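Chains as they are written, first to last, in our numbering: chain A, 1 to 421; chain B, 422 to 842.
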């Protein structure tokens, strides 16, 4: 269909009630028991499928699907230094494009419709997101150059990247993306802060992923990482901090006060054996904005956020010793971006809002008994998603998108080129 | 087909090689590149699907699919006392039958072909297993009666249950199943030991799931749980200990020496916030026999053992701080029962062995890039299973078994009766 035609889904299920959904120009125009097709509508019978908001992956490196399983059994720093960085040095645009296409395909399959990406070759990432039909916050990685004399050139490249990303259409949001406090100097972080402020862009950074990062920060700057970032003006409502596995109570309070979002990546943290666990019970009490991320497929190794939702709840229950640590409705709200206005919308399925939604297989074994929220957290995985719609466009309905085979073949080709397949 | 006809699968993939599989009388008669159909064979084209051994669920309470999501946010003892036991008091044979049928359906779907079950109404469990086509070790729960005067009657019931189970055909193995050291007296455990010895039956028991269990054992018997069991003669090569979350090094050494198997249930342990983590790195060094279990759907809430394999590896990496704690091949071997001769066969895909196997979807996104073992541990879930064969019978091939809808409907009916749906 063209974007201006009306699309009507009949026979969907919302909170146990049969509803119709009307979609026009990428927005919901109606959702409810009384919504039915108008003459001329394109009609899709949802067959009783369950309407839910889509998932928001708050932190990933999408193109790293190419690295899946590479260096599986290494801890974070050795994994980066021995497995990842040597291969990343060989990356070409087309590697990033097809790796990101594969990631988008996996996200469409498993119900994620928007994601925060941080990676190299952002133009290729943006092109892949555009072609896939998803939404993404695209962040060109910023790290210190090898030589101080290259700083100006690095900054020029960043500016050019953001100039380009600004032209990439409404489904792409650029984000300033300094990698971490241990790979970007104070001066670099100040540059990032200025860039974000000048262009009114969101900013994302890895923070407090490992204990050595915290110890080094204390030794070098005399304060813990969140306070260090705050001293540079980087803690604000448009910042996402990925990980936060070693945040202490004073940092949680500061982050909450600043309105900054923390995205926890429980699977990657456990896989890389970073030791810390994002202190969710305390974070929740602080009123902080919170999201969930998979991290890259290199360190997860899946992009199935419904599966990771279970890991999030499990490690929080385990670490706190409190079986009540993550009520199921709360976990589901976090995974769908409803606990941070930077990541998502608190009430997304409403007329006038973007027509991004999922329809879940009503015959899925995982949803047969028990409550929907409990099953989404503890029983299901992304395979229960039958239909994925973004911006009013049906990206999947029952079977994988038509270009799935081509995407897989091309991604394999690129992984082979990099010596990874 | 009747069990005596030959069945030949063509075009399967084993370690990257195209192979055929011939099956007769429930056994493999050939596996390899040279195996092709004989005249009169029933032929199934595997279409390039990937041949792997099936999963062995070393600990579950299958009928608890009916309890899925009930009391989700409660810790172990409150979950048992407030959510589970009051409903179990109302259980009828047919509840157990349909709950177990649903569990078997979920296991067929996700690649588990045999499981160790411990539950009430063992005749109903056995009937459900028979009807599903799976294999199971069926364990009638043994707990202390409310009054000492009821002990003899409890023992008579147990004997009658084992008499019945002995008649249930070759896919059912009865197991003596004292619930735990905190629900069965020393006298009861001695009775269980005698029963197992007399009838040459395996025995399973929950052990060392919570810290209070260990503390109470020390207070009451002056030794830790494994030593207490050993003093009753219960640690031997035919015993499975479920959980072992709080075992210490001396217990691990004793258990390894006795040839006893420990089945770890990482998801249930995290969900119920028991705090301890089965000390896999030390257990591995001891040479102990090890298996993986989901526990019941009441406390997991899934029976997808491929999904749980990831949780096993993640929590072990996290708890040990060692990213090398669980190499992927080892994890996969544990989940397929190949690290305990009581649970499975170390080398199952061989002529003359039972024709129990899986064929995985070669087009599954989760298996597209990277190594198979890594993907099975970290990327995939049970949705990659396309074909499940047990005893030479095809229980699933592409779509769910024909009786799936009936099973779901009946399970819902029974859950509704119990006030759970």
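Beta carbons: idealized from backbone N, C-alpha and C, even for Gly. Please read these numbers as outputs of a predicted model, since none were measured by experiment.
How many Å lie between residue i and residue j at the Cα?
i, j, result
"residue 560 of chain B", "residue 481 of chain B", "10 Å"
"residue 782 of chain B", "residue 432 of chain B", "13 Å"
"residue 21 of chain A", "residue 337 of chain A", "21 Å"
"residue 409 of chain A", "residue 91 of chain A", "18 Å"
"residue 728 of chain B", "residue 798 of chain B", "8 Å"
"residue 496 of chain B", "residue 679 of chain B", "32 Å"
"residue 470 of chain B", "residue 41 of chain A", "41 Å"
"residue 197 of chain A", "residue 232 of chain A", "12 Å"
"residue 213 of chain A", "residue 715 of chain B", "36 Å"
"residue 152 of chain A", "residue 356 of chain A", "40 Å"
"residue 94 of chain A", "residue 519 of chain B", "52 Å"
"residue 55 of chain A", "residue 396 of chain A", "15 Å"
"residue 185 of chain A", "residue 228 of chain A", "12 Å"
"residue 399 of chain A", "residue 385 of chain A", "10 Å"
"residue 802 of chain B", "residue 150 of chain A", "46 Å"
"residue 162 of chain A", "residue 142 of chain A", "12 Å"
"residue 429 of chain B", "residue 473 of chain B", "16 Å"
"residue 326 of chain A", "residue 674 of chain B", "37 Å"
"residue 824 of chain B", "residue 553 of chain B", "9 Å"
"residue 272 of chain A", "residue 744 of chain B", "6 Å"
"residue 4 of chain A", "residue 27 of chain A", "Since pLDDT at residue 4 of chain A reaches only 48, below the 50 mark, its modelled position is unreliable, and the value read off the structure follows with that caveat. About 10 Å."
Cutting at 7 Å between CB atoms, please list the residues of its own chain near residue i, excluding the five before and the five after it.
i, result
"residue 423 of chain B", "Confidence at residue 423 of chain B is low in this model, with a pLDDT of 46, below 50, so the placement of that residue is unreliable and no value is reported for it."
"residue 612 of chain B", "576"
Can you tell me whether DSSP reads residue i as helix, strand or coil?
i, result
"residue 14 of chain A", "strand"
"residue 301 of chain A", "coil"
"residue 24 of chain A", "strand"
"residue 42 of chain A", "strand"
"residue 350 of chain A", "coil"
"residue 269 of chain A", "helix"
"residue 90 of chain A", "coil"
"residue 712 of chain B", "strand"
"residue 576 of chain B", "helix"
"residue 427 of chain B", "strand"
"residue 242 of chain A", "strand"
"residue 699 of chain B", "coil"
"residue 585 of chain B", "helix"
"residue 318 of chain A", "helix"
"residue 120 of chain A", "coil"
"residue 134 of chain A", "coil"
"residue 201 of chain A", "coil"
"residue 114 of chain A", "strand"
"residue 371 of chain A", "coil"
For a contact meaning CB atoms closer than 7 Å, what does residue i contact in chain A?
i, result
"residue 494 of chain B", "323, 324, 327"
"residue 796 of chain B", "69"
"residue 688 of chain B", "314"
Which chain D residues sit within Cβ distance under 8 Å of residue i?
i, result
"residue 691 of chain B", "This model lacks chain D altogether; the protein chains it does include are A and B."
Could you name the residues of the same chain whose beta carbon sits closer than 8 Å to that of residue i, not counting the 5 residues immediately before and after it, in chain order?
i, result
"residue 30 of chain A", "20, 21, 22, 351"
Using a C-beta to C-beta distance shorter than 7 Å, which residues of chain B count as neighbours of residue i?
i, result
"residue 379 of chain A", "489, 722, 723"
"residue 12 of chain A", "Those within 7 Å of residue 12 of chain A in chain B number zero; the least Cβ separation is about 20 Å."
"residue 408 of chain A", "789"
"residue 109 of chain A", "786"
Quick one: which chain B residues come within Cβ less than 8 Å of residue i?
i, result
"residue 105 of chain A", "786"
"residue 65 of chain A", "790"
"residue 412 of chain A", "789, 790"
"residue 273 of chain A", "738, 739, 741, 742, 743, 744, 746"
"residue 226 of chain A", "By Cβ distance, chain B contributes nothing, its closest Cβ being about 23 Å from residue 226 of chain A, past 8 Å."
Just to confirm my understanding: we take residue i, look at its own chain, exclude 5 residues before and 5 after, and list those with CB closer than 6 Å. What are they?
i, result
"residue 36 of chain A", "20"
"residue 106 of chain A", "303"
"residue 71 of chain A", "79, 83"
"residue 268 of chain A", "295, 299, 300"
"residue 251 of chain A", "224, 226"
"residue 195 of chain A", "176"
"residue 668 of chain B", "629"
In chain B, which residues lie less than 9 Å from residue i when you measure between Cβ atoms?
i, result
"residue 284 of chain A", "None at all; the shortest Cβ gap to chain B is about 14 Å."
"residue 24 of chain A", "The contacting residues do not exist; residue 24 of chain A stays about 31 Å from chain B at best."
Is it the case that the CB of residue i approaches a heavy atom of the ligand MG more closely than 6 Å?
i, result
"residue 347 of chain A", "Questions concerning the ligand MG fall outside what the structure shown contains, since it holds no ligand whatsoever."
Find the residues of chain A that neighbour residue i, judging by a C-beta separation of less than 9 Å, and give them in chain order.
i, result
"residue 836 of chain B", "369, 370"
*Any chance you could list the beta strand (DSSP E) runs of at least 3 consecutive residues sitting entirely within the region 374-400 of chain A, in chain order?*
Listed in chain order, the complete beta strand (DSSP E) runs (minimum 3 residues) inside the region 374-400 of chain A are 385-390, 393-397.
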